[in-house]
Each structure stands twice: as structure tokens, then as C-alpha cells.
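Participant: Residue numbers (the numbering used here), protein chains in the order written: chain A, -14 to 128; chain B, 33 to 397. Using N, Cα and C, we set each Cβ at its ideal position, and we do this for glycine too. These numbers come from a predicted model, not from an experiment. Here it is, the structure, as C-alpha cells.
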């Protein structure tokens, strides 16, 4: 289990997600009521970078087609996505020096506040869905 | 799930945007769900066409003679493209676009260098004009309006989109409708009402759709043949209707809206209510339209407005335009302002004064 330093807590804005990457896996970090959540960085609908969307009323809204996910747990709130945004099975560790993130399959309890420097995690949902390569995503990848 | 198309549901939005441009082959259009999903969720797919509904006895009649009874049913038959009513409209290179099969027929014959005549200036018509042009065809649009999309986007954005098409070589002929398509077993030309003859290899009509409700003649239908539903998408006991066929209350006004995402919003509400919930449409309609690599976003549904304000120039994206009525935002149109539009998609669920909207937009732009 290796720890990857991906961001400082202060880097994660209140009104949007922050994309971080470990290997080829893109992750979006969100602030939710003083805690952090980590989800798949690309929209399960068409692969848009979710960090380029907005965080409003506890929902993360996709920049491309305005699918919306509950920031708390990634649940689907608005189409055209058909699935929840998978909570990545990452264990976020907040340390004084920054946010460490670690691929971890040990279920961890939700909760804790940043000031307590607790370990945070998100519920392990389904495996990260790879969106179909089509249209805009395919164009973006090609360019 | 009864479907008249042979394949499971697929992403129809790519047909006019990426299939006709040659970027996505018709057989690679992504399915909404793979076969495992239907199997695992115990969704039984029935290939067939419903020809009649008896809501009293909760019975559906299929074209092949089968009957099915339901405890709860949702009608989601969508729309049928209007066909041209002209001499020559039955020639094999005269098309409409709604399905994968339609797109397949078009792409079977469309080749770079050919001449395409698009009849109509709807969203489908102009998306097809863009896609076929990008595929290398010579494209002429027979438009009903000097500026497209004025009713939805206003003049400034409509002009900018027409200019974008013209910069990319699309020709527009305004207000000279086609009178006849000529050719001996094969499209050769389109004759206009002013006597002009346009040589053509293919003709594509984008002149609107009508609700596909022929099978539901037993229900009371609106003048446009749609089905009136309540705020929970309910028609009558145990019956719901959604999407293109549904006239539903939006902010208290009966509306029928032909957006892909809105049909999915309807579907989620109907599904919850079929399971006993009491959900209503309180969301914000949204659609996107794709022209020459530019994506235009539209939120809300404004029949009329008393103010339109812009940040940025519609001719030079990024820009965002807000439509106001009595000081509140009723719709927004934008290009390359995706974060701001994502924010508005959520924030417009509550009344949003124009000034506050601009503050929010400036804060994230």
C-alpha cells in the first residue's frame, strides 16, 4: 500500500472539484461539509472531466451534458448519466503536509473532520465504469 | 420493455452529431446498457410494435397479434420525423434522421464531394448540415428563416451559428421552398419555387417531428397528438407517459419539449411514481447542440423574454447569454462556458434574479 501525495487540502475549492491523477486513474476530490470525498474523475456518461463542472447545493454537475451527482456519495441525481459516479476505493489521508491518497480496499468508516486529521473514505461502489469512446470524448482524446 | 427497433436503446444524440460526420460508424453507436444489464436486472426485451392500448383493462395489443397486460405501464414511444410531401420524395436518396437505421442508410451512400440538400432549419437539420459538411459533402440548406434558432436562442446567437456554418462552406437559401425532387430512380436535383434547380445526390429533411401516438388513439390526445400528463407524468390509473409524446406542466404551463435529457428526467420521475412515490417535475430543461466542433448549451425554456444580456460575443465564444422575464432568469444559452452553465443547471431550479446570476457566473468564469 503506497501513499501518493496528490494535493493539499487547501487546493480543493468549495465550488468545484479538484482532479488528481495516480497512474492513469483520474480522481475528482470534493469538499463536502468540511470533509473530502473522492470519485471517478470522468463522468460515467461520456467521460467529461468532472472537475471542470460545478459544485452547487451538494451536487456535482458535469460540465458537458449536466448530469448531476450527490457529492455525499456520488448517487445519480440528474441524467443523462445512467449510473452513479463510482466512489473510488481510495483511502484519503489528510496530514499536515498535505492530502495523501492511497489505493486501499479496506472498508473505512465515513466521517471525521479535516481538523482532526482523520482518514476518510468513500463507500466502495461498483467498479469504475469506462465510458464508451464516442463523439466528443473520442475527439478530445484524439486532439 | 417493448421496442420496435431491433437493437436495445442507444445514444440517439450522436446520430446527427458524430455519425453523419463519419466519426462514429453506425454500428459503433454506444448502447445505453449492455446485454448483461438487461439480463441481470431481469428486464425482458420484447421486439414488437404496439398498435392499440386499452387503459380500462390495462391491455396492450401488438402488431403480431400478441396482447400484454400490465399492472403499471409507461408510454415512451418518442416521435416520428415528418416526411416531405413533394413529388419525388419517395426516391431512395431522400432521407429523414431519427434512428440508427436511418443513419446507416445515409452513410451507405454519402461520399465526400457529393451534393447534399438539407430541407429545413431545425436543430436536426443544421446538425446534419454541419456533420455532412465535415464529412466532405457540398451542403445547401433550404431554410425557412433568415436566421436559425431565433425562437430559442435569440437573434444574436442565431446569426452567429449561421455565420459559423457559412464560414465552413454551408450555403443557405432562404424562403424558397422545394417544390419537387427530380430524378429517374435516383435523386438528381431539387427544384425550388423560384425555378432554381439545385443538383443533388442526396436530400435530407429536418422539418420537425410529431408525437408517435398512433397506437394510443383510445386516449384523449392534444391537438399536436401528444398525451397530456400531470406533474408526476401520470395519464390515468396505472399509466404514465414521458418524453416527446408528453405534454406536461412546466412551471404551471403545459409544455411539450423534445430534449433527450428531459425525456430521461421524465423517466426517472415516472419510474419512481410507478413504485408509489409522488415526484413531480421541478427540474431545469437542458439540451446541447453541436456545430463544427462548437457545443452550444441551453438551459430553461423561454417562450418569451423581456431582456437578453450577454457576457462575451456570440460570434467569438466563449459567451453566455441570459434571457430574463420580470427580472428573473428564464433561460440561458452559452458556448464554452461549461462550468457556469453547470452551476446554473442546478441553481435555476429556484427563482434566480438576473443580477445574482451574473454574480455567480463571474465568480466561476
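Could you tell me the alpha carbon to alpha carbon distance between residue 320 of chain B and residue 30 of chain A, rounded to whole angstroms?
Facilitator: Rounded to the nearest angstrom, the two C-alpha atoms are 14 Å apart.
Participant: Judging by CA-CA distance, which residue of B:240, B:382, B:78 is the nearest neighbour of residue 363 of chain B?
Facilitator: Checking every option, the nearest Cα to that of residue 363 of chain B belongs to B:382.
Participant: Are the CB atoms of residue 157 of chain B and residue 239 of chain B within a distance shorter than 9 Å?
Facilitator: Closer than 9 Å, so yes.
Participant: Considering only their Cβ atoms, is the gap separating residue 259 of chain B from residue 281 of chain B smaller than 9 Å?
Facilitator: In this structure, residue 259 of chain B does not lie closer than 9 Å to residue 281 of chain B by Cβ.
Participant: Buried or exposed: which applies to residue 314 of chain B, given that a residue is buried once 16 or more other Cβ atoms fall within 10 Å of its Cβ?
Facilitator: Under this definition residue 314 of chain B is an exposed residue.
Participant: For residue 53 of chain A, return the contacting residues in chain B, with the cut-off set at a CB-CB distance below 9 Å.
Facilitator: Residues of chain B passing the Cβ test: 374, 377, 378.
Participant: Can you tell me which residues form a DSSP beta bridge with residue 54 of chain B?
Facilitator: Per DSSP, none; premise fails for residue 54 of chain B.
Participant: Going by C-alpha distance, which of B:163, B:73, B:145, B:334 is nearest residue 54 of chain B?
Facilitator: Nearest option by C-alpha distance: B:163.
Participant: Using the rule of at least 16 other Cβ atoms within 10 Å of the residue's Cβ for burial, across every protein chain shown, is residue 33 of chain A buried or exposed?
Facilitator: By the neighbour-count rule (16 or more Cβ atoms within 10 Å), residue 33 of chain A is buried.
Participant: Got a sec? Which residues, its chain only, sit under 7 Å from residue 49 of chain B by beta carbon, not counting five neighbours each side?
Facilitator: So the list reads 159, 163, 322, once near-sequence residues are dropped.
Participant: Would you please state the rounded distance, in angstroms, between the beta carbons of residue 306 of chain B and residue 104 of chain B? I believe it to be under 8 Å.
Facilitator: Confirmed, Cβ separation roughly 4 Å.
Participant: Which residues does DSSP list as the beta-bridge partners of residue 348 of chain B?
Facilitator: Residue 348 of chain B is bridged to B:345.
Participant: List the residues of chain A that residue 315 of chain B touches, going by C-beta distances under 9 Å, in chain order.
Facilitator: Those are 63, listed as they occur along chain A.
Participant: Contact criterion: CB-CB distance below 9 Å. Does residue 3 of chain A meet it with respect to chain B?
Facilitator: No - not a single Cβ of chain B is within 9 Å of the one on residue 3 of chain A.
Participant: Starting from residue 46 of chain A, trace the alpha helix (DSSP H) in both directions and tell me its first and last residue.
Facilitator: Segment 44 to 46 is the beta strand (DSSP E) holding residue 46 of chain A; no alpha helix (DSSP H) there.
Participant: Please name the residues in the stretch 64 to 90 of chain B whose beta-carbon is closer than 8 Å to at least one beta-carbon of chain A, in chain order.
Facilitator: The residues in question are 64, 65.
Participant: To which residues does DSSP link residue 23 of chain B through a beta bridge?
Facilitator: Since the first and last residues shown for chain B are 33 and 397, residue 23 of chain B lies out of range.
Participant: What does the alpha-carbon distance come out to for the pair residue 237 of chain B and residue 116 of chain B?
Facilitator: In a straight line, the C-alpha of residue 237 of chain B is about 7 Å away from that of residue 116 of chain B.
Participant: Check this for me: beta carbons of residue 142 of chain B and residue 169 of chain B, under 9 Å apart or not?
Facilitator: Taking 9 Å as the Cβ cut-off, residue 142 of chain B and residue 169 of chain B qualify as a contacting pair.
Participant: Should residue 336 of chain B go down as buried or exposed, given a rule of 16 or more other Cβ atoms within 10 Å for buried?
Facilitator: Under this definition residue 336 of chain B is an exposed residue.
Participant: Measuring alpha carbon to alpha carbon, tell me which of B:44, B:62, B:146 ends up nearest residue 414 of chain B.
Facilitator: Nothing about residue 414 of chain B can be read from this structure; chain B reaches only from 33 to 397.
Participant: Using beta carbons (cut-off 9 Å, strictly below), is residue 60 of chain A in contact with chain B?
Facilitator: It does not; no Cβ of chain B falls within 9 Å.
Participant: Who are residue 22 of chain A's beta bridge partners in DSSP?
Facilitator: Answer is A:15.
Participant: Please list, in chain order, the residues of the stretch 15 to 40 of chain A that have any C-beta partner in chain B closer than 8 Å.
Facilitator: For the stretch 15 to 40 of chain A, which is checked against every Cβ of chain B, the residues closer than 8 Å are 37, 38, 39.
Participant: Give me the chain A residues within the contact set of residue 106 of chain B, using Cβ-Cβ distance strictly less than 7 Å, ordered along the chain.
Facilitator: By Cβ distance, chain A contributes nothing, its closest Cβ being about 15 Å from residue 106 of chain B, past 7 Å.
Participant: Alpha helix (DSSP H) containing residue 49 of chain A: first to last residue?
Facilitator: Residue 49 of chain A -> no alpha helix (DSSP H), and no H or E assigned at all.
Participant: So residue 184 of chain B is in the alpha helix (DSSP H); what residue range does that whole segment cover?
Facilitator: Here the alpha helix (DSSP H) through residue 184 of chain B covers 182 to 199.
Participant: Between the alpha carbons of residue 206 of chain B and residue 69 of chain A, how many angstroms are there, rounded?
Facilitator: Approximately 46 Å, taken between the alpha carbons.
Participant: For my contact list, residue 209 of chain B and residue 230 of chain B are in at a C-beta cut-off of 8 Å; report their separation, rounded to the angstrom.
Facilitator: At roughly 12 Å, the Cβ-Cβ gap does not stay under 8 Å, so residue 209 of chain B and residue 230 of chain B are not in contact.
Participant: Check this for me: beta carbons of residue 125 of chain B and residue 218 of chain B, under 9 Å apart or not?
Facilitator: A contact, by the Cβ cut-off of 9 Å.
Participant: Taking just the CA atoms, how far does residue 374 of chain B sit from residue 8 of chain A?
Facilitator: The alpha-carbon atoms of residue 8 of chain A and residue 374 of chain B are separated by roughly 28 Å.
Participant: Could you have a look at residue 42 of chain B and say whether DSSP puts it in helix, strand or coil?
Facilitator: Residue 42 of chain B falls in the strand class under three-state DSSP.
Participant: With 9 Å as the threshold, decide whether the Cβ of residue 371 of chain B is near any Cβ in chain A.
Facilitator: Yes, contact with chain A.
Participant: Quick one: list the residues of chain A neighbouring residue 300 of chain B, beta-carbon separation under 8 Å, in chain order.
Facilitator: The contacting residues are 64.
Participant: Please confirm if residue 303 of chain B has its CB atom under 9 Å from at least one CB of chain E.
Facilitator: The structure shown contains no chain E; its protein chains are A and B.
Participant: Report the three-state DSSP secondary structure of residue 206 of chain B (helix, strand or coil).
Facilitator: It is a strand residue.
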